[in-house]
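The block underneath contains the structure these notes are about, expressed in structure tokens.
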Amino acid sequence: MTSILKLLVATSTISVAALGANPAFAADLGTDAGTSITNTVSVAYNVGGTGQTAETDSDVFVVDRKVNLVVAKSDAVNTSVAPNATQQAVTYTVSNQTNDTIDVLLSSEQPATDDFDVTGTISYYLDNGTTAGVFDAGDTLITYIDNLAEDSSVTIHAVANIPNGVVTGDLSDLILIGQAAAHGGSGLPATGSGVQGTAFSDDSGDADDASLVQNVFADAAGTGSSDGAGDGYHSATDTYEVSAADITVTKTSNVLWDPVNGSANPKAIPGAIVEYCIAVANAAGGAAATGVAISDTIPANLVYYNSLATGPATVPAVIGVVTEGTVTGSTCNADGTGTGSEASGVVSGNLGTVAAGTTETLVFRVTVE
23 MTSILKLLVA
33 TSTISVAALG
43 ANPAFAADLG
53 TDAGTSITNT
63 VSVAYNVGGT
73 GQTAETDSDV
83 FVVDRKVNLV
93 VAKSDAVNTS
103 VAPNATQQAV
113 TYTVSNQTND
123 TIDVLLSSEQ
133 PATDDFDVTG
143 TISYYLDNGT
153 TAGVFDAGDT
163 LITYIDNLAE
173 DSSVTIHAVA
183 NIPNGVVTGD
193 LSDLILIGQA
203 AAHGGSGLPA
213 TGSGVQGTAF
223 SDDSGDADDA
233 SLVQNVFADA
243 AGTGSSDGAG
253 DGYHSATDTY
263 EVSAADITVT
273 KTSNVLWDPV
283 NGSANPKAIP
293 GAIVEYCIAV
303 ANAAGGAAAT
313 GVAISDTIPA
323 NLVYYNSLAT
333 GPATVPAVIG
343 VVTEGTVTGS
353 TCNADGTGTG
363 SEASGVVSGN
373 LGTVAAGTTE
383 TLVFRVTVE
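Going by our numbering, the first residue of the sequence shown is number 23, and it counts up by one from there.
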């Protein structure tokens, strides 16, 4: 980038002016890559007191590309998941700190130091911003980030399935890896619907070429196993944490009536009517338990109470099998809204979904033989 002006002068007066082009700047990242900077010098001089035609020359170079991609976990908490859940997302922010628009190639890694690996194909979705940072049906399935403008960022969801057999507290780390690439030049910004560009090569070991846009990798090391500083990649880890249902079952009995005392301090004598309550509790902080089904075999010396007894007051009603009731303390409430069944001495009922932090019951009555 050196120019030489040869001036043949006798007695002369010389003045020099250097004129530079105004470069294009990104908001925070400096001059855009590919910007041509021209610096023109003009030398004015006199010979014998007479002004001569000024001599000029120019120097031109293009601004190189400082490649800096940043991938970060989008929040400070783990993503809570249930065993065997599908389409579960961990979420990242991908930022372009390069002085140019770029494409970002996406891949992922599962380290061997956690408790389990997610299953199925890991897919990537661009958050549409409708529910910012939350994976939903409106997000766009992509394979790479297209035309990510300099000094801008997008939210990416990595989506996979959770295997069965995992338990509460198990962790699975998923590392999202981004690689900086030339933008393909078409497609809507960041949608991945245009032409995927080619990954940048590192030109830091090459001599400077004033006529070319050369790449200098300026990224920090990421969490990926092979992601070092200055390699054109960046990566970050987000974590799935299993929060399974924590179910406990409690079965209690209460003598309601006997044929001698009626309902006044009844005892479990032959002919007495006893109410059973099966309470299914799901501890707080876990996942909802779904498809909860109860099967209970009535033991010997008891029969299912399905015909109104006779005797002293107050004879208990025939209620059948009542499900989806609640408890107060250790007492079952008479507020069930569902129904079960009894057949050949086996009582059955479905509670459906028992949410975390709730208890549901199945209640039926028997007679002591």
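Beta carbons: idealized from backbone N, C-alpha and C, even for Gly.
Between which residues of its own chain and residue i is the CB-CB distance below 7 angstroms, once the five residues before and five after are set aside?
i: Glu131; result: Ile197, Ile199, Gly246, Ser247
i: Glu391; result: Pro292, Asn323, Leu324, Val325
i: Gly244; result: Val93, Tyr255, His256, Ser257, Ala258
i: Thr153; result: none
i: Phe222; result: Val89, Ala202, Ala203, Ala204, Asn237, Gly254
i: Asp228; result: Gln236
i: Asn355; result: Gly347, Thr348, Val349
Beta-carbon within less than 6 angstroms of residue i's beta-carbon, same chain only, minus the 5 sequence neighbours each way: which residues are those?
i: Gln109; result: Val181
i: Thr336; result: Ser285
i: Ala242; result: Ala251
i: Ile269; result: Asn304, Ala311
i: Ser275; result: Val296, Tyr298
i: Thr33; result: Because Thr33 carries a pLDDT of 35, less than 50, the predicted location of this residue cannot be relied on, and no value is offered for it.
i: Phe157; result: Ala111, His179
i: Gly333; result: Pro281
i: Thr75; result: none
i: Gly70; result: none
For the candidate residues the options, whose alpha-carbon lies nearest to that of residue i?
i: Leu128; options: Thr350, Thr177, Phe386; result: Thr177
i: His256; options: Asp280, Gln201, Val238; result: Gln201
i: Glu382; options: Gly333, Pro321, Asn328, Ile316; result: Ile316
i: Ala339; options: Glu346, Val349, Thr345, Asn328; result: Asn328
i: Lys273; options: Ile300, Thr135, Gly216; result: Ile300
i: Asp79; options: Asp86, Val85, Val65; result: Val65
i: Gly308; options: Thr380, Val369, Phe222; result: Thr380
i: Val349; options: Val271, Ile341, Thr332, Trp279; result: Val271
i: Asp161; options: Ser352, Asp149, Ser370, Thr375; result: Asp149
i: Val277; options: Tyr67, Asp136, Arg387, Ala134; result: Arg387
i: Ala107; options: Asn283, Ile184, Ala221; result: Ile184
i: Thr353; options: Glu364, Gln74, Leu384; result: Leu384
i: Thr165; options: Phe157, Thr143, Gly151, Thr75; result: Thr143
i: Thr359; options: Gly371, Val99, Gly70; result: Gly371
i: Val125; options: Asp230, Ser175, Thr389, Asn287; result: Rather than Val, the amino acid found at residue 125 in this sequence is Asp. Nearest C-alpha to Asp125: Ser175.
i: Asn61; options: Asp230, Asp81, Ala134, Asn287; result: Asp81
Identify the continuous beta strand (DSSP E) that holds residue i and give its terminal residues.
i: Tyr146; result: 141 to 148
i: Ile59; result: 58 to 69
i: Thr162; result: 162 to 164
i: Thr177; result: 174 to 183
i: Tyr326; result: 324 to 326
i: Asp54; result: Premise fails: Asp54 is in no beta strand (DSSP E) and is neither H nor E.
i: Ala111; result: 110 to 118
i: Gly371; result: 368 to 376
i: Thr272; result: 269 to 279
i: Asp79; result: 77 to 84
i: Thr389; result: 380 to 390
i: Asp125; result: 124 to 131
i: Val89; result: 87 to 89
i: Ile295; result: 295 to 304
i: Ser352; result: Ser352 -> no beta strand (DSSP E), and no H or E assigned at all.
i: Ala365; result: 363 to 365
i: Val103; result: 101 to 103
Going by the beta-carbon positions, is the gap between residue i and residue j smaller than 8 angstroms?
i: Ala240; j: Val116; result: no
i: Val93; j: Tyr262; result: no
i: Val112; j: Thr101; result: yes
i: Asp122; j: Ala55; result: yes
i: His205; j: Gly219; result: yes
i: Leu91; j: Glu172; result: no
i: Ile320; j: Gly367; result: yes
i: Ala378; j: Ala306; result: yes
i: Val376; j: Gly362; result: no
i: Val314; j: Leu373; result: yes
i: Asp136; j: Asp195; result: yes
i: Val264; j: Asp192; result: yes
i: Lys95; j: Asp249; result: no
i: Asn118; j: Leu163; result: no
Could you confirm whether any beta carbon from chain C is found closer than 8 angstroms to the beta carbon of residue i?
i: Leu278; result: The chain labelled as chain C is not found in the depicted structure, where only one protein chain is given.
Return the chain-ordered list of same chain residues with a C-beta closer than 8 angstroms to the C-beta of residue i, the five sequence neighbours on each side being excluded.
i: Val238; result: Asp86, Arg87, Lys88, Val89, Asp224, Asp225, Ser226
i: Phe83; result: Met23, Ser58, Ile59, Ala232, Ser233
i: Thr35; result: With a pLDDT of only 37 at Thr35, under the threshold of 50, the placement of this residue in the model should not be trusted; the figure read from the coordinates follows. Answer for Thr35: Tyr67, Asn68, listed in chain order.
i: Val189; result: Pro105, Val264, Ala266
i: Gly155; result: Ser96, Asp97, Thr113, Asp149, Thr177
Should residue i be counted as a contact of the ligand GDP given a C-beta to heavy atom distance under 7 angstroms?
i: Val369; result: In the structure on display, the ligand GDP does not appear, and there are no ligands present to speak of.
What beta strand (DSSP E) runs, 3 residues minimum, are completely inside the stretch 188 to 265? 193 to 204, 237 to 239, 255 to 264
Which parts of the stretch 306 to 346 are runs of the beta strand (DSSP E), unbroken and 3 residues or longer, counting only runs that do not cross its ends? 311 to 319, 324 to 326
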